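Inspection log for the structure reproduced underneath, given as structure tokens.
In structure tokens:
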């Protein structure tokens, strides 16, 4: 998984509780991403980071926040989990940003976190 | 029109045959194209990237790109049961907010 770990790998929580998922990389890549994957919707971008303390929203960012205090760590927080946030969450990394040049913008994925909100 | 479209399948191919997976995209400014393989319960794994019109071969895999037709395909020669997976096409969206857009994926089954 290209030096990417995610924790926890599985989590069951209750509606209304805060949840934080962690992504850790050893590749020193600048860009990090959080996706969710749901049947019928495919992979959807939640948030991404283009450097330490630099983050931006993706297409499904409502109810999620992120932080990146170190190059290697990107945290995804569900402030108050809802059942609609039950999903598989993937972190990804890339050297360069999508659309910039021909190489280096390949994204590599972590193993994923399966989150169930009851 | 969806930004990236793939046939969802399932696509069933006999072992040893050629599997052909197709993908069309809407953003004419896209410059790079990716194919990911995802086994059930696992994360997407990058297997091919292609940037220029024409064919790119890597072992049993060949990616074909036609920018004029906004079409990218993946051929798997000598298909093996271990190739059974969902294949995701990914294309950068250049106009507006830049992001990598994934197709819904094509589920491929190789029958022994």
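Protein chains in written order, with my numbering: chain A, 10 to 127; chain B, 2 to 113. Virtual Cβ for every residue (Gly too), placed ideally from N, Cα, C. Since we're looking at a predicted model, the values are computed, not measured.
(1) Kindly indicate the opening and closing residues of the beta strand (DSSP E) around residue 109 of chain B.
(2) For the beta strand (DSSP E) holding residue 120 of chain A, just list the boundary residues, first then last.
(3) With distance defined between alpha-carbon atoms, name the residue in B/52, B/80, B/32 nearest to residue 15 of chain B.
(4) Within its chain, find whatever has a CB closer than 6 Å to the CB of residue 41 of chain A; leave out the 5 residues flanking it on each side and keep chain order.
(5) I'd like the list of long-range same chain contacts for residue 75 of chain B, defined as Cβ closer than 6 Å, with 5 residues on each side in sequence excluded.
(6) By the criterion of Cβ-Cβ separation under 7 Å, what are the contact partners of residue 106 of chain B in chain A?
(7) Please name the residue, chosen from A/74, A/50, A/15, A/53, that lies closest to residue 35 of chain A on a Cα-to-Cα basis.
(8) Ends of the beta strand (DSSP E) at residue 52 of chain B?
(9) In this structure, does DSSP put residue 96 of chain A in helix, strand or coil?
(10) In chain order, what residues of the region 54 to 84 of chain B put their CB closer than 7 Å to some CB of chain A?
(11) Taking 8 Å as the threshold (beta carbon to beta carbon), is residue 33 of chain B in contact with chain A?
(12) If we count the other Cβ atoms within 10 Å of its Cβ and call it buried at 16 or more, is residue 85 of chain B buried or exposed?
(13) Smallest Cα separation from residue 67 of chain A: which of A/120, A/43, A/50?
(14) Which residues share a DSSP beta bridge with residue 72 of chain B?
(15) Just how far apart, CA to CA, sit residue 150 of chain B and residue 34 of chain B?
(16) Roughly how far, in whole angstroms, is the beta-carbon of residue 122 of chain A from the beta-carbon of residue 98 of chain A, given that I think they are within contact range, below 8 Å?
(17) With distances taken Cα to Cα, identify the nearest neighbour of residue 43 of chain B among A/23, A/18, A/27, A/70.
(18) With 7 Å as the C-beta to C-beta threshold (strictly closer), list the residues of the region 38 to 51 of chain B near chain A in chain order.
(19) For chain A, check one thing: does any of its Cβ atoms lie closer than 8 Å to the Cβ of residue 3 of chain B?
(20) With residue 93 of chain B and residue 111 of chain B assumed to form a contact (beta carbons below 8 Å), what rounded beta-carbon distance in angstroms separates them?
(21) What are the residues of the region 59 to 86 of chain A that lie near chain B, defined by any Cβ-Cβ distance shorter than 9 Å?
Short version:
(1) As a working mapping, residue 109 of chain B is identified with position 108 in the second chain. Segment 107 to 112, the beta strand (DSSP E) holding residue 109 of chain B.
(2) Indexing the first chain from 1 puts residue 120 of chain A at position 111. Element bounds for residue 120 of chain A: n/a, residue is neither H nor E.
(3) Residue mapping note: residue 15 of chain B aligns to position 14 of the second chain, counting from 1. Residue B/80 is the option with its Cα nearest to residue 15 of chain B.
(4) Reading the first chain from its first residue, position 32 is the one you call residue 41 of chain A. Here the set comprises 58, 83, 102.
(5) Along the second chain, one-based indexing puts residue 75 of chain B at 74. Result list for residue 75 of chain B: 22, 36, 64, in chain order.
(6) In the second chain, counting from the first residue as 1, residue 106 of chain B sits at position 105. Simply 51.
(7) Reading the first chain from its first residue, position 26 is the one you call residue 35 of chain A. Answer by Cα proximity: A/15.
(8) On the second chain, position 51 is the one that residue 52 of chain B refers to. Careful: residue 52 of chain B lies outside any beta strand (DSSP E) and carries neither H nor E.
(9) Here residue 96 of chain A is taken as the residue at index 87 of the first chain, counted from 1. If DSSP states are grouped into helix, strand and coil, residue 96 of chain A belongs with the strands.
(10) none
(11) Position 32 of the second chain, counted from the first residue, corresponds to residue 33 of chain B. Cβ-Cβ to chain A under 8 Å: yes for residue 33 of chain B.
(12) Translated into positions along the second chain, residue 85 of chain B becomes position 84. Label assigned to residue 85 of chain B: buried.
(13) Position 58 of the first chain, counting from 1, holds the residue named residue 67 of chain A. The option with the nearest alpha carbon to residue 67 of chain A is A/43.
(14) Numbered from its first residue, the second chain carries residue 72 of chain B at position 71. B/25, B/67, per the DSSP bridge assignment.
(15) Summary: the structure shown does not reach residue 150 of chain B, with chain B confined to residues 2 through 113, and so no result is reported for it.
(16) Within the first chain, numbered from 1, the residue matching residue 122 of chain A stands at position 113. Within the first chain, numbered from 1, the residue matching residue 98 of chain A stands at position 89. Confirmed, about 5 Å.
(17) Counting from one through the second chain, the residue named residue 43 of chain B turns up at place 42. Out of A/23, A/18, A/27, A/70, A/18 has the C-alpha closest to the C-alpha of residue 43 of chain B.
(18) 44, 45, 47, 50
(19) Working through the second chain from its first residue, we reach residue 3 of chain B at position 2. Taking Cβ atoms only, chain A never reaches closer than 8 Å to residue 3 of chain B, which makes this a no.
(20) On the second chain, position 92 is the one that residue 93 of chain B refers to. On the second chain, position 110 is the one that residue 111 of chain B refers to. Not a contact, Cβ separation roughly 30 Å.
(21) 65, 66, 67, 68
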